[in-house]
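Residue numbers (my numbering), protein chains in the order written: chain A, 9 to 168; chain B, 104 to 186; chain C, -19 to 615.
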């Protein structure tokens, strides 16, 4: 059962509690620059987009790692780093198309989303539900439902 | 001390939260308007309110039904030289 | 621990910078934020200085829990001697600057002197740089922030700044951050302007250590659940503070036409629910799940296509009910312009509506206004006057001086029409039917103000038993408490309780929407003991936090008394006592404040505070609060 973090940027209020709780969960400190998730903001136009690892099927980071330190779990879908193998070459950071692999400048290691042991804290704390933890096969359901309701409404008003 | 989990007043109150009703601003009675009603007259004091639903289950007062109560308002406004 | 953040003294004249640790002893007395700012003001501002001279001191701070897991722990506090009132200048702002400043290593900045040329400060991982701001001078408050990010080549940099209003020394210019956040009141923007200080920018990647991280995380979740499940929060998530305008206007508690009326009737277009239709979403400050800032794009007129955030209660009051306008476009444009220029929206609206009443009464004529038509509800004039105030043009130059000075310049009977306390305009609400709220504005330390001690829940008609639970904690209170907002009984204690609650929450750096302000079931002293412990490891009892609040508020009093404040300043203008409200629900219509009963309330208020009949803290009160040796010069 592969799961993924589904982002709805329209719901995001830009409060950055996801960054805050992510850093506390992983590092026991608040440091928004050590968070695995980051809200990219166009502040002066009120646009916010949370960016986080997409756990790609064909993950470039997995492919590029010369030490085979990064692997994707076929069960959970999680792409994770084996720090015993990692040599800190940062090729994974260079190649990630989302910039989701980042560098922890205090512990000197690469860092990425690890689903917080199956209970992503960003999801738990996001009251606006801009980030949801969903089964991959279900990611389209909400959008489909919303669209269906619009069609239904339109159809009903035409038939009247 | 602070580690103990004696519930505070605010923590206890979380369970008693109500939905679907609003308080009449005139008599403070809690009233339950029919779903999606846009106007509602308080069953206790008879004051007529315009209703706004900020979620499908939660109504709040938008304002008085001016025509029903505010003949006086208009007179006062006119007295003060306004529209 | 997370409290190892420093205090920095920056002299803009000599360009000297000195940083120090904040001793734990001071933390225990003042926590941080507003409380410690008060201490610094009392210790570093000499009496009777000109607020716009280099002798004034501009203070910036983050509260004790800012950035930590304490829900909406985003608040930055700014302080100085106010150029508007001559008393304490003090204002609080959300956004993202506070947490960034703490990650950059600082809790308090004490800025002295005056720079020869425009400058801005850049805080970065324990270092402070004074940088040239010549190219930022003259720029609006949003562009300034963007330009700083560009110059430093980092979009993570957060800034506090002033707009043109602050540069032009408008006496109610504010400090701005993000699109709309503003430390609005008491004119601290003008103090920055007088120092040639355009902005303070911060970027920091230093850890804020959480003492008991997992407990803090769990407790924060609990607190958030408690807050967002409240109806008031769900309403705020949709309407922001506009909802207050709707509810109070329904009752007849909104100040209209400069206090002539108390309700804006038949104005559907500017009702919060109508403005909500313009919103394209909402935005939140750091860590906050209430996200009360509406996002909107102006649809019509000259500013079509402009993005801004808000409007809040005060902009709705300022550019609709107060000036008699009934078009939401005016509210949205007006709100944008005060953000753009960095003006206090409340004071701006009040000054414009005052001018409009003077025009109605014939005290101001077309000759004085250079042909401008100041008739009530003239949308174009309202917008024009905002520009004129910010740029100090024509009549705007006079209005930029604030209530008392402007009345001095215009003369005649004009002061009679000013609705102010201690030289600061009243909120756009009408407190004549509500003695508790009226007492709050009369005694507020920074001049007429609702955010110093408004017992807003007094309007909710809560059962006395419940009121006793709230107001009897953490210090016992055996006096009366009444559910009826029209009563005078027990109200002084409610005001004091709220004053101390708001002072404490400002020391912690948490937003007032996350304590007993608009919702009665919100976290307060008991919850804060846990938040402080889990986040910082410091143990405080609820009573100790109360004492910090009490100490902070009394310190503000001491500052004001040193600047010449006495009992006569804790008063309301005559219309409160002499003119009954004409509109609203039958329960409020005809109400006004009874002079004798007000006097009794004021006596009780002083007594309960431990102040004498002139409002001066008694020696035993000062001793009890460890304030008997101030100024003590520990920092």
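Ideal Cβ placement from N, Cα and C applies to all residues, glycine included.
Note that the structure is a prediction, hence the values are computed from the model and not measured.
Mind pulling the beta strand (DSSP E) runs of 3 or more residues that sit fully within the stretch -15 to 31 of chain C?
-> -14 to -9 and -3 to 1
Closer than 8 angstroms at the beta carbon, the chain A residues around residue 49(C) | 28, 29, 32 and 38
Who are the near neighbours of residue 106(B) in its chain, counting only those whose CB is closer than 6 angstroms to its CB and skipping five residues on each side?
-> Unreliable positioning characterises residue 106(B) in this predicted model, as indicated by a pLDDT of 45, which lies under 50. A coordinate reading is not provided.
With 7 angstroms as the C-beta to C-beta threshold (strictly closer), list the residues of the stretch 105 to 134 of chain B near chain C in chain order.
-> 105, 111, 112, 113, 114, 116, 117, 120, 128, 129 and 131
Would you call residue 478(C) buried or exposed, if buried means 16 or more other Cβ atoms sit within 10 Å of its Cβ?
-> buried
Does residue 159(B) come within less than 8 angstroms of chain C when only Cβ atoms are used?
-> no
Ordered along the chain, which non-local residues of its own chain (more than five positions away) have a Cβ less than 8 angstroms from that of residue 153(B)?
-> 141, 142, 164, 165, 166, 167 and 168
Grab the span of the beta strand (DSSP E) containing residue 102(C) for me, first residue to last.
-> 99 to 104
In angstroms with no decimal places, state the Cα-to-Cα distance between residue 233(C) and residue 3(C).
-> 46 angstroms
In the DSSP assignment, find the unbroken beta strand (DSSP E) run with residue 161(C) in it and report its ends.
-> 161 to 163
State the DSSP-derived secondary structure class of residue 69(C), mapped to helix, strand or coil.
-> strand
Cross-strand partners of residue 142(B) (DSSP beta bridge) | 153(B)
Hey, residue -9(C) and residue 93(C): beta-carbon distance below 8 angstroms or not?
-> yes
Proximity winner among 321(C), 101(C) and 252(C), relative to residue 301(C) (alpha-carbon distances) | 252(C)
Pull up the CB-CB distance for residue 403(C) and residue 378(C), whole angstroms please, since I reckon it's below 8 angstroms.
-> With a Cβ gap of about 15 angstroms, residue 403(C) and residue 378(C) do not count as contacting.
On a CA-only basis, which of 10(C), 209(C) and 37(C) is nearest residue 119(B)? Give me that one, please.
-> 209(C)
Which runs of the alpha helix (DSSP H) spanning at least 4 residues fall entirely within the stretch 257 to 323 of chain C, listed in chain order?
-> 293 to 296 and 308 to 321
Of the choices 523(C), 119(C) and 163(C), whose alpha-carbon is the least far from that of residue 144(C)?
-> 119(C)
Three-state secondary structure assigned by DSSP to residue 128(A) = coil
Beta-bridge partners of residue 409(C), as assigned by DSSP | 234(C)
Using a threshold of 7 angstroms, is the CB atom of residue 163(B) nearer than that to any non-hydrogen atom of the ligand PLP?
-> Questions concerning the ligand PLP fall outside what the structure shown contains, since it holds no ligand whatsoever.
For residue 50(C), which three-state DSSP category applies?
-> coil
Compute the distance between the beta-carbons of residue 157(C) and residue 77(C), then report whether it is under 8 angstroms.
-> yes
With respect to the beta strand (DSSP E) encompassing residue 166(B), which residues constitute its N-terminal and C-terminal limits?
-> 161 to 167
Partner residues on chain A for residue 471(C), Cβ-Cβ distance less than 9 angstroms = Going along chain A, no residue has its Cβ under 9 angstroms from residue 471(C), so there is no contact; the nearest lies around 35 angstroms.
Which two residues bound the contiguous alpha helix (DSSP H) that contains residue 100(A)?
-> 99 to 103
Look at residue 31(A) and residue 37(A) and say whether their C-beta atoms are less than 8 angstroms apart.
-> yes
In chain E, which residues lie with their C-beta within 8 angstroms of the C-beta of residue 139(A)?
-> Of the chains in the structure shown, none is chain E; the protein chains are A, B and C.
What's the gap between the Cα of residue 600(C) and the Cα of residue 610(C)?
-> 14 angstroms
Which residues, in chain order, does the stretch 255 to 267 of chain C contribute to contact with chain A at a C-beta distance below 8 angstroms?
-> 260, 261, 262, 263, 264, 265, 266 and 267
Residues sharing a beta bridge with residue 41(A), DSSP = Answer is none; residue 41(A) lacks a bridge partner.
Alpha carbon to alpha carbon, how far is residue 124(B) from residue 136(B)?
-> 7 angstroms
Interface residues of chain B facing residue 503(C) [CB-CB closer than 9 angstroms] | 111, 113 and 114
Does any C-beta atom of chain A lie closer than 8 angstroms to the C-beta of residue 275(C)?
-> yes
Would you verify that the beta carbon of residue 149(B) is, or is not, closer than 8 angstroms to some beta carbon of chain C?
-> no
With 16 other Cβ atoms within 10 Å as the buried cut-off, status of residue 75(C) | buried
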